[in-house]
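There are 2 protein chains.
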Amino acid sequence: MQLILLSGGSGKRLWPISNDLRSKQFIKIFKTADGQYESMLQRVMRQIERTNADVPITVAASKSQETVLRKHLGARAEISFEPCRRNTFPSITLAAAFLHDKRSVPSDEPIVVCPVDPFVEDQFFGKFVELSRLVVEDAASIVLMGIEPTYPSEKYGYIIPSTTEPISDVVEFKEKPDATTAQKYIKRGALWNGGVFAFKLGYILEQAEKILGFRTHEALLENYAALENISIDYAVVEHEKSIKVVRYAGDWKDIGTWNTLVEVMETNFIGDVRADSSCRNVHVINELDVPIVCMGLNDIIASASPEGILISDREHSSYIKPLVETIHQQIMFAEKSWGTYRVIDVEHDSLTIKVTLNVGSRMRYHSHERRREIWNVIEGRGLIVVDGDVRSIGAGDVIELPRGCKHTVIADSRLKIIEVQLGAEISVDDKTIFEPRGVSKK
Amino acid sequence: MQLILLSGGSGKRLWPISNDLRSKQFIKIFKTADGQYESMLQRVMRQIERTNADVPITVAASKSQETVLRKHLGARAEISFEPCRRNTFPSITLAAAFLHDKRSVPSDEPIVVCPVDPFVEDQFFGKFVELSRLVVEDAASIVLMGIEPTYPSEKYGYIIPSTTEPISDVVEFKEKPDATTAQKYIKRGALWNGGVFAFKLGYILEQAEKILGFRTHEALLENYAALENISIDYAVVEHEKSIKVVRYAGDWKDIGTWNTLVEVMETNFIGDVRADSSCRNVHVINELDVPIVCMGLNDIIASASPEGILISDREHSSYIKPLVETIHQQIMFAEKSWGTYRVIDVEHDSLTIKVTLNVGSRMRYHSHERRREIWNVIEGRGLIVVDGDVRSIGAGDVIELPRGCKHTVIADSRLKIIEVQLGAEISVDDKTIFEPRGVSKK
Chain D
32 MQLILLSGGS GKRLWPISND LRSKQFIKIF KTADGQYESM LQRVMRQIER TNADVPITVA
92 ASKSQETVLR KHLGARAEIS FEPCRRNTFP SITLAAAFLH DKRSVPSDEP IVVCPVDPFV
152 EDQFFGKFVE LSRLVVEDAA SIVLMGIEPT YPSEKYGYII PSTTEPISDV VEFKEKPDAT
212 TAQKYIKRGA LWNGGVFAFK LGYILEQAEK ILGFRTHEAL LENYAALENI SIDYAVVEHE
272 KSIKVVRYAG DWKDIGTWNT LVEVMETNFI GDVRADSSCR NVHVINELDV PIVCMGLNDI
332 IASASPEGIL ISDREHSSYI KPLVETIHQQ IMFAEKSWGT YRVIDVEHDS LTIKVTLNVG
392 SRMRYHSHER RREIWNVIEG RGLIVVDGDV RSIGAGDVIE LPRGCKHTVI ADSRLKIIEV
452 QLGAEISVDD KTIFEPRGVS KK
Chain X
32 MQLILLSGGS GKRLWPISND LRSKQFIKIF KTADGQYESM LQRVMRQIER TNADVPITVA
92 ASKSQETVLR KHLGARAEIS FEPCRRNTFP SITLAAAFLH DKRSVPSDEP IVVCPVDPFV
152 EDQFFGKFVE LSRLVVEDAA SIVLMGIEPT YPSEKYGYII PSTTEPISDV VEFKEKPDAT
212 TAQKYIKRGA LWNGGVFAFK LGYILEQAEK ILGFRTHEAL LENYAALENI SIDYAVVEHE
272 KSIKVVRYAG DWKDIGTWNT LVEVMETNFI GDVRADSSCR NVHVINELDV PIVCMGLNDI
332 IASASPEGIL ISDREHSSYI KPLVETIHQQ IMFAEKSWGT YRVIDVEHDS LTIKVTLNVG
392 SRMRYHSHER RREIWNVIEG RGLIVVDGDV RSIGAGDVIE LPRGCKHTVI ADSRLKIIEV
452 QLGAEISVDD KTIFEPRGVS KK
């Protein structure tokens with residue numbers, strides 16, 4: 032058995048704490064035993080460790096998530112990188128071809144596909160063994176996990192099973208019905224489609240060849256941007272006759288909106304929040320260094336990050352997307368392989384950022400064509416390389432980097448720099464990376 | 032007739048847009064014809080211009096308000112500076128002594144005292160002529176303005192007049208009664224005490240000598256910190272037998288809390304605010320560069336500034352003080368005589384600020400004992416003086432200022448600087464000012 036975890040893309044529905052660089056699975060909202068916070072992804076990885084300790088994991092993710100994924104995953108999982116963001120079918124087939132071609136996984140190996148961030152009980156992951164067994168026994172071409180509904184939701188797809196047994200054939204699928212219809216389905220024993228699929232590796236590669244026209248990792252990778260942008264549900268599952276479903280009766284939440292996110296928060300407030308005793312059912316996530324004061328609020332969700340501030344009642348918080356789509360500003364905060372950067376001042380011809388490098392980390396050797404930079408080191412020690420010259424730097428040093436110079440920095444201790452960028456067209460895209468041997472790569 | 036305007040101190044009740052350096056009278060919330068915003072003080076100055084164009088104005092204010100007062104007043108008014116913050120009686124007597132001793136205003140001149148920021152109709156200020164006339168005619172030692180109450184408020188003091196005539200003798204004063212008692216007073220024709228007092232200059236100086244022990248400007252100034260910290264109501268008005276009151280029947284609001292502030296806002300949103308159509312009776316003042324998104328809110332007041340974020344329902348917004356008193360952080364934004372500064376990063380041994388100097392302005396020649404500074408010029412042109420050496424600076428220049436060096440900057444155009452301060456004990460108090468002739472002044 033092999034596990035493929037699908038790492039979804041960025042969403043605007045959890046703005047301002049998710050943005051184009053930070054998806055919901057990476058938001059740290061779960062308090063751990065040591066008082067720190069862990070992300071949805073980290074929570075899921077711990078659950079899989081407890082239930083499927085030896086199962087190899089491959090995360091299917093966009094290249095843009097590399098840094099943050101490595102941080103949250105550690106060495107536990109491999110990553111199948113997509114050159115650009117596509118729907119679940121291309122993403123799953125690329126990861127499957129990666130396993131087949133690059134990791135020599137045989138065609139009859141059972142594969143279980145699961146989203147990277149379901150909020151569920153351990154037994155959910157425990158059931159993967161059952162899905163895998165059914166695949167191995169050729170009980171069906173595809174085995175799904177069906178979640179027993181707790182209410183007639185209009186947000187989910189429904190699986191209609193032939194019986195209410197723990198394992199059953201699937202009669203049909205119903206996409207997001209209205210509440211009355213959903214109620215009827217539930218009476219017939221219908222289950223929510225939780226996005227978990229199991230099949231043999233060879234099966235999905237055959238489907239890939241048939242539907243997308245390619246089946247090797249190399250060909251899929253090369254043609255990735257042009258592949259049909261289709262979900263596995265539409266591409267495969269809805270046309271397949273041989274499907275079984277395994278029932279899961281525990282907690283299941285899809286943490287896709289503020290309303291569902293706060294349902295799983297273990298504390299009402301994260302960050303510097305001062306609320307008076309009249310606040311009821313208020314949830315606040317504050318990522319800023321200044322306090323949020325709350326008074327007399329009921330059923331309110333609030334969040335502040337370098338990107339902006341959200342204040343919403345719980346019910347309306349699901350409808351944030353159109354409002355956030357009116358906001359056009361640059362990314363104000365990002366996690367990088369070497370640490371973090373935060374924009375602290377924006378002017379027409381300058382941008383000031385705070386760069387924090389982790390101990391032992393280094394930026395890639397790079398240059399900028401259209402801006403010069405002034406680095407004000409405010410904490411720590413390290414080495415800087417400018418056009419091949421190496422020198423030590425430490426708190427209080429000022430380094431002026433002219434346009435076009437090649438430079439990098441290596442942190443001996445945690446290193447903090449106030450970086451003033453000066454130029455007429457400052458952009459994150461103005462960056463040329465140089466490989467160790469001096470080969471340039473845009 | 033002379034007008035003394037009392038400029039009140041900083042308050043926490045309008046946090047986060049008021050702080051120790053910025054009082055409510057300076058907050059810009061009134062939209063002007065040209066689409067800009069003006070402050071309560073600027074609005075009052077325009078009203079006085081329309082109703083009492085030729086009356087000399089003296090503003091009684093703390094020295095710490097000098098910069099912001101000069102900006103909001105222009106050349107229209109003189110300022111009587113208090114060396115420290117005291118209650119209204121010391122403040123009024125100091126301003127009165129200033130007029131008598133420094134401006135040769137005679138003892139029989141009628142003086143009208145008024146808060147700097149009542150939200151009223153023009154006719155309120157028009158009535159000053161009547162107060163002044165009654166003082167000149169010796170109708171009473173003190174003449175007050177009484178505001179006809181609109182509801183039995185528990186927040187204000189009541190004046191009980193002998194008749195309901197436009198001008199009447201005062202029978203007695205009642206401090207903040209409960210609503211039932213207030214209702215009884217109102218039936219008897221009682222008026223709110225709006226903090227407007229008129230008297231002859233000599234009268235208040237006699238009271239000063241009797242109660243405080245001093246009557247000259249020099250003596251009052253010298254002993255200011257030790258003067259009894261008492262209001263004019265308690266010190267004088269409640270003991271005086273000869274008092275008349277002039278009735279005022281128009282709008283009157285004391286903009287001291289968020290609840291009253293939003294009542295006078297002409298637009299619901301100031302700054303970058305995106306609210307959905309389900310928001311009802313929502314008021315937001317956003318002083319940050321990032322957006323505030325509001326959804327599904329009712330009767331909510333929100334505000335964001337570099338100091339923090341407030342989210343409150345309207346009713347509870349009056350009770351902000353105890354919560355805000357738990358916040359101990361440095362001032363993040365301030366207006367100075369030369370422009371503004373904003374703290375953009377805080378670390379243990381460094382502080383990064385953005386300094387914006389207005390065209391033609393200059394800092395005072397100064398030095399710091401316990402920090403060095405790195406100035407990154409990001410916009411504009413100017414001159415910098417360091418230990419007597421003068422040089423031009425412009426966008427892109429970096430100036431390193433060692434500990435102890437004397438320095439200043441003069442802006443030829445609007446000048447913006449990212450200033451990185453480095454040292455173990457960074458404090459706004461670490462500053463030695465040098466007068467032009469080199470005389471140091473802490």
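Protein chains in written order, with the numbering used here: chain D, 32 to 473; chain X, 32 to 473. C-beta atoms are modelled at their ideal positions from N, C-alpha and C, and glycine is treated no differently.
Exercise. Any Cβ of chain D within less than 8 angstroms of the Cβ of X:Met76?
Worked result: no
Problem set entry | Inter-residue spacing [alpha-carbon to alpha-carbon] between D:Glu176 and D:His397 | Correcting the residue type first, residue 176 of chain D is Met in the shown sequence and not Glu. One C-alpha to the other measures close to 47 angstroms.
For this session: May I ask you to report which of helix, strand or coil DSSP gives D:Arg53?
Result: strand
Exercise. Going along chain A in order, which residues have a C-beta closer than 7 angstroms to the C-beta of D:Ala442?
Worked result: Protein chains in the displayed structure are D and X, and chain A is not among them.
Problem set entry | Contacts around D:Lys59, its chain only, beta-carbon distance under 7 angstroms, and the 5 residues preceding and following it disregarded | Tyr68, Glu69, Ser70
Exercise. Applying the criterion that 16 or more other CB atoms from any shown protein chain within 10 Å of the CB defines a buried residue, is X:Gln33 buried or exposed?
Worked result: buried
Problem set entry | 4-residue-minimum alpha helix (DSSP H) runs that sit fully inside the segment 62-133 of chain X, ordered along the chain | 71-82, 97-104, 119-133
Exercise. Would you call the segment 234-242 of chain X and the segment 212-226 of chain X in contact, with 3 or more CB pairs under 8 angstroms?
Worked result: no
Exercise. With distances taken between CB atoms, is the gap from X:Ile409 to X:Glu450 smaller than 8 angstroms?
Worked result: no
For this session: Could you name the residues of the same chain whose beta carbon sits closer than 6 angstroms to that of D:Val167, not counting the 5 residues immediately before and after it, in chain order?
Result: Pro141
Problem set entry | C-alpha distance - D:Thr212 paired with D:Ala221, whole-angstrom precision | 11 angstroms
Problem set entry | Straight-line Cα distance separating D:Thr463 from X:Arg44 | 51 angstroms
Problem set entry | Proximal residues, the segment 295-327 of chain D versus chain X, C-beta separation under 7 angstroms | Arg305, Asp307, Ser309, Asp320, Val321, Pro322, Ile323, Val324, Cys325, Met326, Gly327
Exercise. Just the Cα atoms here: how many angstroms apart are D:Phe129 and D:Gly40?
Worked result: 20 angstroms
Exercise. How big is the Cα-Cα spacing for D:Pro353 and X:Val421?
Worked result: 54 angstroms
Exercise. DSSP state of D:Arg164, grouped into three classes?
Worked result: helix
Exercise. So, do the segment 99-107 of chain X and the segment 116-131 of chain X have three or more beta carbon pairs nearer to each other than 8 angstroms?
Worked result: no
Exercise. D:Lys207: buried (16+ other C-beta within 10 angstroms of its C-beta) or exposed?
Worked result: exposed
Exercise. Nearest chain X C-beta to D:Glu456 closer than 8 angstroms, yes or no?
Worked result: no
Exercise. What is the rounded straight-line gap between the Cα of X:Asp139 and the Cα of X:Asp461?
Worked result: 47 angstroms
For this session: Name the two residues that bound the continuous alpha helix (DSSP H) containing D:Pro149.
Result: Where D:Pro149 is concerned, there is no enclosing alpha helix (DSSP H), although the beta strand (DSSP E) it sits in stretches over 149-151.
Exercise. In terms of alpha-carbon separation, which member of D:Glu196, D:Pro87, D:Lys215, D:Ile261 lies closest to D:Thr122?
Worked result: Per the sequence shown, residue 122 of chain D should be read as Ser rather than Thr. Looking at the Cα atoms, D:Ile261 is the closest of the given residues.
Exercise. How is D:Gly244 classed by DSSP in three states: helix, strand or coil?
Worked result: coil
Exercise. Whose Cβ in chain X lies nearer than 9 angstroms to the Cβ of D:Asn407?
Worked result: Ser381, Thr383, Ile405, Asn407, Val429, Ile449, Val451, Leu453
Exercise. D:Val377 touches chain X at which residues, Cβ-Cβ below 7 angstroms?
Worked result: Asp320
For this session: Please report how far the alpha carbon of X:Asp65 lies from the alpha carbon of X:Asn299, in whole angstroms.
Result: 18 angstroms
Problem set entry | For X:Lys275, three-class secondary structure by DSSP | strand
Exercise. If you check the beta carbons only, do D:Arg317 and D:Val304 fall under 8 angstroms apart?
Worked result: At residue 317 of chain D the sequence reads Asn, which differs from the Arg that was named. Contact: yes.
For this session: Within its chain, find whatever has a CB closer than 6 angstroms to the CB of D:Ile424; leave out the 5 residues flanking it on each side and keep chain order.
Result: Val408, Gly413, Ile415
Exercise. Beta-carbon of D:Ile110 versus every beta-carbon of chain X: anything under 8 angstroms?
Worked result: no
Exercise. How many angstroms separate the CA atom of D:Lys218 from the CA atom of D:Val268?
Worked result: 23 angstroms
Exercise. From the beta carbon of D:Ala84, is the nearest beta carbon of chain X less than 8 angstroms away?
Worked result: no
Exercise. Taking all protein chains shown into account, do 16 or more other C-beta atoms lie within 10 angstroms of the C-beta of D:Thr195, making it buried, or fewer, making it exposed?
Worked result: exposed
Exercise. Which residue or residues does DSSP assign as beta-bridge partners of X:Gly413?
Worked result: X:Ile424, X:Ala442
Exercise. Helix or strand or just coil, what does DSSP make of D:Val470?
Worked result: With a pLDDT of only 39 at D:Val470, under the threshold of 50, the placement of this residue in the model should not be trusted, and no figure is reported.
For this session: Kindly indicate the opening and closing residues of the alpha helix (DSSP H) around D:Pro192.
Result: Not the alpha helix (DSSP H): D:Pro192 falls in the beta strand (DSSP E), residues 189-192.
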